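Going by our numbering, the sequence shown wraps up at 175, each residue one higher than the last. Encoded as C-alpha cells, the structure appears first; notes follow it.
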Amino acid sequence: MTREVGLIGFSPTQAVQQQPLSAAFTTTGENMAAVGNLILNLPQRLVDVGRAAFGGGERDPNGPMSVVGVGRVAGEIASLDETPVASRASAMIGLVASLNVALGMINLLPLLPLDGGHVLGAIVEGVRRFLAKAFGRRDPGPVDVAKLMPVTFVVVILFGAMSALLIFADLVNPSG
C-alpha cells in the first residue's frame, strides 16, 4: 500500500483552535455573505459551470454544486482516516450548516413557488390594504397568486435546468 506524504516524507498537521461561542455569529455572517454573493452572481457562475462541464475547463471550488457534489464532499470528509474524528465531525457539521444557510437564503428569493414569493405576495397585499385605508377606499382583498402561475412554471423549469446542469457537472467534472 502506498501512502501519500509531503515532499520530504511528512505532511503538515492541522491545529484545532477553539473559538468562543460568539465566533459562531461572525462565521454565520461570513457564510451568509458568501452565499449572497453566490446568489447575486449565479447566472455567471452557471455559465462558468457549463463551460467547465462541456468544455473541460477548471471548476471553481467555491462555485455552486448539486446534491451530488455535496455528497462527494461529505464522503471525502468522512474518509479522511488520518484526521481526528472531532475534526471530521466539525467539518461535516460545518458542511450541513452551510448547506442549510444556502437553502434558506435561496428559499427567501422573492420568486414563486419559493417562500420568498409568498412573503412578497403578503407584503404587496399589506401595502395595498394600507394604501386603500389611507385613501379611504375599500379593502382590495387578497392578492391572487394564481395569476402568477406562469411565472411559477418558469421558475420551476429554470431551477430544474440548473439542477440538471449542476448534477451533470458534478459527475463529469467535479469541483475542487
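Every residue gets a Cβ at the ideal spot worked out from N, C-alpha and C, and that includes glycine. Keep in mind that this is a model prediction, so the values were computed, not measured.
Is it buried or exposed, Met64, if we count other Cβ atoms within 10 angstroms and call 16 or more buried? As a working note, residue 64 is residue 65 in the sequence shown. Buried, by the Cβ-count rule.
With Asn99 as the anchor, note down where its alpha helix (DSSP H) starts and where it stops. The residue given as residue 99 occupies position 100 in the sequence shown. Start and end: 84-106.
Span of the alpha helix (DSSP H) around Ser162: Taking the first residue of the sequence shown as 1, we reach residue 162 at position 163. First-last of the alpha helix (DSSP H) with Ser162: 148-171.
Which of helix, strand or coil does DSSP assign to Asn36? On the sequence shown, residue 36 is found 37 positions in, with the first residue counted as 1. Residue state, collapsed to three classes: helix.
Measure the C-alpha to C-alpha separation of Leu110 and Gly116 and round it to an integer number of angstroms. Translated into positions along the sequence shown, residue 110 becomes position 111. Translated into positions along the sequence shown, residue 116 becomes position 117. When rounded, the distance between both Cα atoms is 4 Å.
Should Ala90 and Phe167 be called a contact, given that it needs their Cβ atoms to be closer than 8 Å? Here residue 90 refers to the residue found at position 91 of the sequence shown. Here residue 167 refers to the residue found at position 168 of the sequence shown. No. Outside cutoff.
Could you round the C-beta distance between Pro34 and Ala96 to whole angstroms and report it? I think they count as a contact, below 8 Å. Within the sequence shown, the letter at position 35 stands for residue 34. Within the sequence shown, the letter at position 97 stands for residue 96. In the sequence under discussion, the amino acid at residue 34 is Val, which differs from the Pro named in the question. No, Val34 and Ala96 are not in contact; Cβ-Cβ is about 11 Å, not under 8 Å.
Could you spell out the range, first to last residue, of the alpha helix (DSSP H) harbouring Arg50? Within the sequence shown, numbered from 1, the residue matching residue 50 stands at position 51. Per DSSP, the continuous alpha helix (DSSP H) segment holding Arg50 begins and ends at 41-54.
Please classify Ser174 as buried or exposed, where buried requires at least 16 neighbouring CB atoms within 10 angstroms. On the sequence shown, residue 174 is found 175 positions in, with the first residue counted as 1. Label assigned to Ser174: buried.
Through-space distance from Ala133 to Gly70, alpha-carbon basis: As a first step, residue 70 must be located in the sequence shown, where it is residue number 71. As a first step, residue 133 must be located in the sequence shown, where it is residue number 134. Each residue's Cα considered, the two are about 53 Å apart.
Quick one: grab the DSSP three-state call for Asp114. As a first step, residue 114 must be located in the sequence shown, where it is residue number 115. If DSSP states are grouped into helix, strand and coil, Asp114 belongs with the helices.
Helix, strand or coil at Gly74 [DSSP, three-state]: Reading the sequence shown from its first residue, position 75 is the one you call residue 74. Note: Gly74 maps to helix in three-state DSSP.
Should Val171 go down as buried or exposed, given a rule of 16 or more other Cβ atoms within 10 Å for buried? By 1-based counting over the sequence shown, the position of residue 171 is 172. Flag for Val171 reads exposed.
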